[in-house]
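My numbering numbers the first residue of the sequence shown as 964 and each following residue consecutively.
Cβ coordinates follow ideal geometry from the N, Cα and C atoms, glycine included.
Because the structure is a prediction, the values reported are computed rather than measured.
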Amino acid sequence: MESIPIITYTMNKLPSLTRPAGATVTAFDIEQPPPISPATPPPAEPFFDPSVRMPALTDPNIISEMRSTVADVSQTRSILKQLGPRPDHESVDTAKARLAEIEVRLANDLDEINLSESDGEDSKKEAEKDKEIYKAVIALDELHETYGKVLAEAEAKLERIYAAAVAGHGGGDEVAEGSEEVNEDVVRILQEANQKDVERIDLSDRGVRFLPEAFGKIRTLVALNLSVNQLQLIPDSIAGLENLEELNLSSNMLESLPESIGLLLNLKTLDVSSNKLTALPDSICSCRSLVELNASFNKLTYLPTNIGSNFSDLKELPETFGDLINLQDLDISNNQIHALPNTFGQLKNLRTLNLEENPIVIPPKEIVNSGVEAVKAYMAQRRVDLLAEEEARSKLEANEETPLGWLTRSTSWLKNSVVGATQSVSGYMGAHESNRDPAVNQQY
């Protein structure tokens, strides 16, 4: 049975997304690649037709309402097709291990050898260059993880649209109901965006309660201010704002942010202060252009390190937070953060840090009071100590094969397998035009 049957079915039914004339229409899973050898097809699986379980899917009005959701999925999938296939678990684990090994080696070089300041900088630059290929693998895996979450959310959304349409005795009821909540200013701006390119939108303090999915189609948008409103959720389609650099969502009623926010690769400033957030999505660590993050005055107690895992007892920021190497200003005051991640010392560009009104244990309070540089130095040394302990433990536990031997043999293969992905990631980061998928129904 397909994991996302409604999305697959809807894609087949949309005129703009159907297969070329003469193509064979068969049930397929857009998340699974086609068989390599058509001559030896896999055993037939039980046929599943969503239109049998959901007969109203044959209603063209309902299919039409599902168009925007499916289009968002198609656009996201289009992006990942450019980046390349998802690395397997072994590749990701190897990349993480190699990064840890490079960190330990650099720390030892700087600690044991009396290097001049210039020599120290050269060593750091060389280490960063060695890390790039492994960071690219991890980043690609994180983007695919985000896409998987977007797919699941889109499938659930289509089910809600279907249920609302059936309950309302017509496909247009849900949209009509939502349209009543759309602020007049929002409607006006959407109309203007259809006629000309819009780069900056200020809808602050306008009593906005609902943000339409269509907002995600304003591809030229660079800055969006939605502060001081009554928003309770942000649509997944926000991922379509591929040129967005500034996003202000402060002083709303948000309890969560969409996972798709991690696809805003050009985002530099994010303000989500004064909301009701209890967590930030793990995907936010994919926003590597982020320079300023303000999440003060929320109810943050943790950020999940792994989507879908049991993280109810975590009281710290994720390790991947250290990937936000361009971050300069961080305000997470007035929350419930107990510990900073061990990778915090990697935030070399961080200039200001506000941790007030948090029950911080790591680092100690006296270190926090000494300022941001003291915090970074403490966390960097803590990471080195932990990595050294882990390395020593691994050597002791190795029986048949040493971890370093395995890593050495894996390096050549890993470089070959991810170099294409690295180039693709770099190319996408610099792209300014929308990436469109010309054959949406091709299997991913």
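Alpha-carbon to alpha-carbon, residue j and residue i
{"i": "A1355", "j": "L1349", "result": "10 Å"}
{"i": "E1147", "j": "S1249", "result": "34 Å"}
{"i": "N1312", "j": "E1091", "result": "14 Å"}
{"i": "E1255", "j": "A1340", "result": "21 Å"}
{"i": "D1051", "j": "E1095", "result": "18 Å"}
{"i": "V1235", "j": "V1055", "result": "31 Å"}
{"i": "T1232", "j": "K1358", "result": "43 Å"}
{"i": "Q1344", "j": "E1066", "result": "11 Å"}
{"i": "A1351", "j": "E1205", "result": "40 Å"}
{"i": "L1303", "j": "G1047", "result": "33 Å"}
{"i": "V1331", "j": "L1290", "result": "18 Å"}
{"i": "D1160", "j": "S1246", "result": "28 Å"}
{"i": "D1411", "j": "S1259", "result": "The question about residue 1411 has no answer here: the residues shown for the chain are numbered 964 through 1407."}
{"i": "I1224", "j": "D1168", "result": "23 Å"}
{"i": "A1242", "j": "A1070", "result": "33 Å"}
{"i": "A1411", "j": "E1089", "result": "Nothing about residue 1411 can be reported from this structure: the residues present for the chain run from 964 to 1407 only."}
{"i": "R1068", "j": "D1085", "result": "14 Å"}
{"i": "T1371", "j": "D1093", "result": "Legend: pLDDT at T1371 = 44, less than 50; position of this residue unreliable, value from coordinates given subsequently. Looking at the two C-alpha atoms, the distance is approximately 14 Å."}
{"i": "E1329", "j": "G1170", "result": "43 Å"}
{"i": "N1310", "j": "L1228", "result": "Note that residue 1310 corresponds to Leu in the displayed sequence, not to Asn. Roughly 18 Å separates the two Cα atoms."}
{"i": "L1277", "j": "F1307", "result": "With a pLDDT of 30 at L1277, under the threshold of 50, the modelled position of this residue cannot be trusted; read the value that follows with caution. Spanning the two alpha carbons is a distance of roughly 17 Å."}
{"i": "F1274", "j": "K1262", "result": "Any reading at F1274 is ruled out, since the residue's pLDDT is 29, under 50, leaving its predicted position unreliable."}
{"i": "K1087", "j": "T1109", "result": "31 Å"}
{"i": "L1253", "j": "R1314", "result": "14 Å"}
{"i": "D1104", "j": "S1190", "result": "32 Å"}
{"i": "R1251", "j": "H1107", "result": "15 Å"}
{"i": "E1353", "j": "G1111", "result": "32 Å"}
{"i": "R1172", "j": "Q1158", "result": "25 Å"}
{"i": "E1360", "j": "A1337", "result": "35 Å"}
{"i": "R1182", "j": "L1174", "result": "16 Å"}
{"i": "S1333", "j": "N1305", "result": "18 Å"}
Under 9 Å between C-beta atoms of residue i and residue j
{"i": "A929", "j": "K1180", "result": "For the chain, the structure presents residues 964 to 1407; residue 929 sits outside this window and is missing."}
{"i": "L1212", "j": "L1220", "result": "yes"}
{"i": "D1292", "j": "N1257", "result": "yes"}
{"i": "A1177", "j": "S1200", "result": "yes"}
{"i": "E1209", "j": "L1240", "result": "no"}
{"i": "R1061", "j": "Y1097", "result": "yes"}
{"i": "E1218", "j": "L1196", "result": "yes"}
{"i": "N1192", "j": "I1164", "result": "no"}
{"i": "V1100", "j": "A1063", "result": "no"}
{"i": "L1316", "j": "V1347", "result": "no"}
{"i": "L1153", "j": "A1186", "result": "no"}
{"i": "L1166", "j": "V1149", "result": "yes"}
{"i": "E1222", "j": "P1244", "result": "yes"}
{"i": "M1342", "j": "P1327", "result": "no"}
{"i": "L1184", "j": "M1216", "result": "no"}
Counterpart residues of residue i in DSSP-defined beta bridges
{"i": "N1188", "result": "D1165 and N1211"}
{"i": "E1255", "result": "T1232 and D1292"}
Chain B contact for residue i (CB, 9 Å cutoff)
{"i": "S1236", "result": "The chain labelled as chain B is not found in the depicted structure, where only one protein chain is given."}
> In chain order, which continuous runs of the beta strand (DSSP E) of length 3 or greater are located wholly inside the segment 1279-1366?
Replying inline: 1292-1294 and 1315-1317
>> For the segment 1297-1304 against the segment 1313-1323, do three or more pairs of beta-carbon atoms, one drawn from each stretch, fall closer than 8 Å, so that the two count as touching?
In response: yes
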